[in-house]
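Chains A and Y are the protein sequences, given in the same order. If you read the first sequence in my numbering, its first letter stands for residue 166, the second for the next number, and so on. If you read the second sequence in my numbering, its first letter stands for residue 166, the second for the next number, and so on. Let me begin by presenting the structure, written as structure tokens, before commenting on it.
Protein chains: 2
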Amino acid sequence: MYGKTIDQLIEALRILPGVGVKSAQRMALQLLEKDRDAARKLASAIDEAANKVGRCAQCRTLTEHDLCDICSNPNRSESQLCVVESPADLYAIEQAGGYRGKYFVLLGHLSPIDGIGPEQLGIDKLIERLQSNSVDELILATNLTVEGEATAHFIADKAKALGVQVSRIAYGVPMGGELEYVDGGTLNMALQSRKTV
Amino acid sequence: MYGKTIDQLIEALRILPGVGVKSAQRMALQLLEKDRDAARKLASAIDEAANKVGRCAQCRTLTEHDLCDICSNPNRSESQLCVVESPADLYAIEQAGGYRGKYFVLLGHLSPIDGIGPEQLGIDKLIERLQSNSVDELILATNLTVEGEATAHFIADKAKALGVQVSRIAYGVPMGGELEYVDGGTLNMALQSRKTV
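Listed below in structure tokens is the structure:
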């Protein structure tokens with residue numbers, strides 16, 4: 166309806182997360198109505214990132230270098246290794262600012278139905294790293310979903326067999342959370358995991 | 166924090182409407198994590214549209230040809246001309262499907278404070294078209310905002326001086342609208358513009 170080129174642009178914009186037909190139409194029209202230079206800049210930024218950004222050779226997160234900034238930072242402790250599902254999770258922990266160790270990014274979770282097994286998650290690489298004896302504690306920070314839990318269990322078993330101390334991030338009521346609005350599963354977990362004060 | 170290339174991509178994505186820092190981060194990571202080919206396709210779709218899509222020589226809407234599909238369609242009536250602020254408004258009316266005349270797109274509204282006067286809105290071109298005597302009725306479908314109203318008034322004065330019949334789209338309660346939830350301004354307008362049945 167908008168003509169071939171604009172229709173193609175609308176279709177292409179829909180690969181962005183959270184963008185449906187209506188938002189894609191709005192984005193396409195605004196890109197073309199407002200600032201063509203900004204549109205061209207966006208095109209080249211996407212293209213450049215798609216071509217330049219690769220995986221960190223050590224932790225598998227997104228980086229444009231061989232090693233990411235965290236893996237190549239000598240001030241980050243080698244003795245703690247935090248396992249996350251995605252680069253976005255890694256950045257969330259970094260933004261929280263309370264962790265000074267290193268990371269390992271699975272880029273997914275175990276999901277046999279989608280053909281994602283230990284191999285796709287780089288578990289062999291993780292085990293190699295644990296065998297190098299530089300890691301004292303493996304912190305499992307996969308999502309608190311069924312798949313994330315299963316993945317954490319699987320990795321915990323492997324790591325314990327190598328004699329590495331394994332921990333899992335805590336379940337519980339979020340900071341500032343009002344009990345009234347917290348879901349039942351979380352509340353039960355928070356009760357079960359209660360600590361003596 | 167994500168490295169130069171990814172930071173640039175995040176910054177560039179923020180020109181999209183409704184995309185803040187958090188969404189831009191999510192979009193950038195997902196583009197790079199999931200499907201690089203789709204990302205490259207998006208880049209080339211934006212680039213192609215930015216370079217190919219221009220303005221219709223007659224109605225000023227976005228098109229990749231000299232004349233847009235509506236202006237070049239002989240089945241659309243020349244006698245009705247509908248004035249809208251943006252291509253998005255034009256498409257909204259087209260999707261509603263009840264109008265068979267032609268359009269004129271202002272690409273904005275009068276806004277002296279932003280340096281947008283009659284010249285920037287192509288009013289001289291609109292007047293030329295009215296002078297050609299092919300238009301029997303000018304329908305003002307600018308937004309029902311202060312600026313849209315001011316623009317409609319300005320154009321109405323010019324058109325009336327040329328002896329063209331001018332109308333304005335109706336104010337009122339939206340279809341399916343429950344009075345309880347309609348704002349006071351709309352309700353007052355709906356009462357004032359009441360029709361005998």
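Even glycine gets a Cβ: it sits at the ideal position worked out from N, Cα and C.
Helix, strand or coil at residue i according to DSSP, with G and I counted as helix
i        : result
Lys187/Y : helix
Val248/Y : strand
Glu243/A : coil
Arg333/Y : strand
Tyr256/A : helix
Asp234/Y : coil
Asp172/Y : helix
Met166/A : coil
Ser299/A : coil
Ala264/A : In the sequence on display, residue 264/A carries Tyr and not Ala. Coil.
Glu343/Y : coil
Lys206/A : helix
Asp200/Y : coil
Opening and closing residue of the beta strand (DSSP E) in which residue i lies
i        : result
Leu303/Y : Glu302 to Leu305
Cβ shell of residue i (< 8 Å), same chain only, five flanking positions each side left out
i        : result
Ser242/A : Arg265, Gly266 and Lys267
Asp234/A : Thr228
For residue i, the residue or residues it bridges with in DSSP
i        : result
Phe269/Y : Val248/Y
Ser276/A : Ile281/A
Gly219/Y : Thr228/Y
Span of the alpha helix (DSSP H) around residue i
i        : result
Gln357/A : Gly349 to Gln357
Arg179/A : No alpha helix (DSSP H) holds Arg179/A; DSSP gives it neither H nor E.
Lys313/Y : Looking at the sequence itself, residue 313/Y is Gly, so the reference to Lys does not match. It spans Val311 to Ala326 - the alpha helix (DSSP H) in which Gly313/Y sits, taken as one unbroken run.
Asp289/Y : Ile288 to Gln296
Sequence-distant residues of its chain with Cβ nearer than 7 Å to residue i (five each side left out)
i        : result
Val354/Y : According to the sequence provided, residue 354/Y is Met. The question's Val does not apply to it. Closer than 7 Å at Cβ, skipping near neighbours: Tyr336 and Gly337.
Cys236/A : Cys221, Gln223, Cys224 and Lys267
Val347/A : Val338
Ala317/Y : Leu305, Thr307 and Arg333
Beta-carbon proximity list for residue i, same chain, < 6 Å, skipping 5 on both sides
i        : result
Leu271/Y : Glu250 and Leu286
Asn238/A : none
Gln330/A : Glu302
Do the stretch 276-295 of chain Y and the stretch 207-219 of chain A touch if we need at least three Cβ pairs shorter than 8 Å? no
Contact the stretch 166-173 of chain Y vs the stretch 170-184 of chain A: 3+ CB pairs below 8 Å: no
Could you say if the stretch 295-305 of chain Y and the stretch 323-335 of chain Y meet the contact criterion of at least three C-beta pairs nearer than 8 Å? yes
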